[in-house]
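Data first, discussion second: the structure below is written as structure tokens.
In this note's numbering, the protein residues as written are 14 to 347.
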């Protein structure tokens, strides 16, 4: 038995209307229940895309075809069944891509929890579609319908040059912080010169738009950038311009033992819209496995998060710098 439909999934399925004979794209399904339900009802030609590799694997386990690339999933689609993303930029890229590469009659049925939805989502959809309307709410969930695609330009990924870093940052809609340098990353950048020299691999874990990976590649010969997000991986590849080995992976799980000289990370503390430090705590524990003896783990994180003791469990940990919001620590593996 597959995963159960939640209230948003059930409302989406009920709001689908007449299904087209052509391709249906299911976007943003985290667990596979929605994609499986749509495939069961449609019978054929359903493809799913989830930004997270973890979610993609869950969907694939239901037997539904998956596409790691958003544009591939949307190409030729007549219907898009969408779990609304938290980011308006991510929604804009999905809507624009659907309007540009989808079938002429493409329509979007997008659902979410009411507490996470805003009027701005309607406005974003209206940039790419002429008709946008909302369903009646049910079980604290609501669906937005968009139809009749406009002749819009594809503006993703976006780019911005940062003179202080002499770096052009490229970012897809779902990449953390977009083309900005967020405050935590800026504080971490100020401490990169504290990293010890190493001939071993240096890892940017949770690479986002690739800012840290690009800067690390100026000093270290072997830099690997890792992220679970397909948008982040594509953004980092564009930002680093081939100077870095960029991989879509679930944390450090695909790295071999004692193979890494340093790990640098601005780890997430959200999974979707929910605060969740579990992935970061798992990464801290696994870093002891992949770091060489004396290897360094340098993190920036919100100062209130409970990471210090976990870091000290794997080695001597110093606070390099802190401000009102963030703390940068360096842990040396025992």
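Beta carbons: idealized from backbone N, C-alpha and C, even for Gly.
Buried/exposed call for residue i, threshold 16 Cβ in 10 Å
{"i": "residue 283", "result": "Because residue 283 carries a pLDDT of 44, less than 50, the predicted location of this residue cannot be relied on, and the following value inherits that uncertainty. That one is exposed."}
{"i": "residue 31", "result": "exposed"}
{"i": "residue 115", "result": "buried"}
{"i": "residue 234", "result": "exposed"}
{"i": "residue 110", "result": "buried"}
{"i": "residue 286", "result": "Since pLDDT at residue 286 reaches only 44, below the 50 mark, its modelled position is unreliable, and no value is offered."}
{"i": "residue 149", "result": "exposed"}
{"i": "residue 335", "result": "exposed"}
{"i": "residue 14", "result": "The predicted model places residue 14 with a pLDDT of 45, which falls under 50 and marks its position as unreliable; any figure quoted below should be read in that light. Label assigned to residue 14: exposed."}
{"i": "residue 338", "result": "exposed"}
{"i": "residue 99", "result": "exposed"}
{"i": "residue 290", "result": "buried"}
{"i": "residue 261", "result": "buried"}
{"i": "residue 44", "result": "buried"}
{"i": "residue 226", "result": "buried"}
{"i": "residue 112", "result": "buried"}
{"i": "residue 185", "result": "buried"}
{"i": "residue 69", "result": "buried"}
Backbone secondary structure at residue i - three-state DSSP
{"i": "residue 338", "result": "coil"}
{"i": "residue 61", "result": "strand"}
{"i": "residue 18", "result": "coil"}
{"i": "residue 197", "result": "helix"}
{"i": "residue 28", "result": "coil"}
{"i": "residue 291", "result": "helix"}
{"i": "residue 176", "result": "coil"}
{"i": "residue 330", "result": "strand"}
{"i": "residue 347", "result": "coil"}
{"i": "residue 209", "result": "coil"}
{"i": "residue 260", "result": "strand"}
{"i": "residue 181", "result": "strand"}
{"i": "residue 269", "result": "coil"}
{"i": "residue 38", "result": "strand"}
{"i": "residue 253", "result": "helix"}
{"i": "residue 70", "result": "helix"}
{"i": "residue 231", "result": "coil"}
{"i": "residue 95", "result": "strand"}
{"i": "residue 304", "result": "strand"}
{"i": "residue 54", "result": "helix"}
{"i": "residue 171", "result": "strand"}
{"i": "residue 23", "result": "helix"}
{"i": "residue 299", "result": "helix"}
{"i": "residue 243", "result": "helix"}
{"i": "residue 203", "result": "coil"}
C-alpha distance - residue i paired with residue j, whole-angstrom precision
{"i": "residue 245", "j": "residue 65", "result": "10 Å"}
{"i": "residue 173", "j": "residue 224", "result": "12 Å"}
{"i": "residue 49", "j": "residue 122", "result": "16 Å"}
{"i": "residue 348", "j": "residue 160", "result": "Absent from the structure is residue 348, since the part of the chain shown begins at 14 and ends at 347."}
{"i": "residue 155", "j": "residue 63", "result": "20 Å"}
{"i": "residue 307", "j": "residue 211", "result": "10 Å"}
{"i": "residue 28", "j": "residue 57", "result": "19 Å"}
{"i": "residue 18", "j": "residue 47", "result": "6 Å"}
{"i": "residue 217", "j": "residue 53", "result": "40 Å"}
{"i": "residue 320", "j": "residue 328", "result": "13 Å"}
{"i": "residue 239", "j": "residue 279", "result": "12 Å"}
{"i": "residue 86", "j": "residue 41", "result": "11 Å"}
{"i": "residue 182", "j": "residue 102", "result": "16 Å"}
{"i": "residue 296", "j": "residue 331", "result": "18 Å"}
{"i": "residue 342", "j": "residue 311", "result": "6 Å"}
{"i": "residue 324", "j": "residue 315", "result": "14 Å"}
{"i": "residue 293", "j": "residue 152", "result": "32 Å"}
{"i": "residue 255", "j": "residue 229", "result": "13 Å"}
{"i": "residue 132", "j": "residue 219", "result": "30 Å"}
{"i": "residue 248", "j": "residue 178", "result": "17 Å"}
{"i": "residue 344", "j": "residue 276", "result": "10 Å"}
{"i": "residue 213", "j": "residue 51", "result": "47 Å"}
{"i": "residue 120", "j": "residue 24", "result": "17 Å"}
{"i": "residue 274", "j": "residue 250", "result": "22 Å"}
{"i": "residue 71", "j": "residue 97", "result": "18 Å"}
{"i": "residue 271", "j": "residue 84", "result": "37 Å"}
{"i": "residue 222", "j": "residue 208", "result": "21 Å"}
Bridge partner(s) assigned by DSSP for residue i
{"i": "residue 348", "result": "An answer regarding residue 348 cannot be provided, because it is not within the stretch 14 to 347 covered by the chain."}
{"i": "residue 279", "result": "BP columns for residue 279 are empty, so no partner."}
{"i": "residue 113", "result": "DSSP lists no partner for residue 113."}
{"i": "residue 312", "result": "278, 342"}
{"i": "residue 78", "result": "60"}
{"i": "residue 238", "result": "217, 259"}
{"i": "residue 151", "result": "154"}
{"i": "residue 132", "result": "Bridge partners of residue 132: none, in fact."}
Three CB pairs or more closer than 8 Å across the segment 252-269 and the segment 197-211: No, they do not touch.
Touch test, the segment 94-111 against the segment 66-80, Cβ-Cβ under 8 Å, three pairs minimum: By the Cβ test, the segment 94-111 is not in contact with the segment 66-80, since fewer than three Cβ pairs between them sit closer than 8 Å.
Inter-stretch contact at 8 Å, needing at least 3 Cβ pairs: the segment 81-91 / the segment 36-43: Touching, yes, given that three or more Cβ pairs across the two stretches are closer than 8 Å.
Inter-stretch contact at 8 Å, needing at least 3 Cβ pairs: the segment 165-179 / the segment 188-200: Yes, the segment 165-179 is in contact with the segment 188-200.
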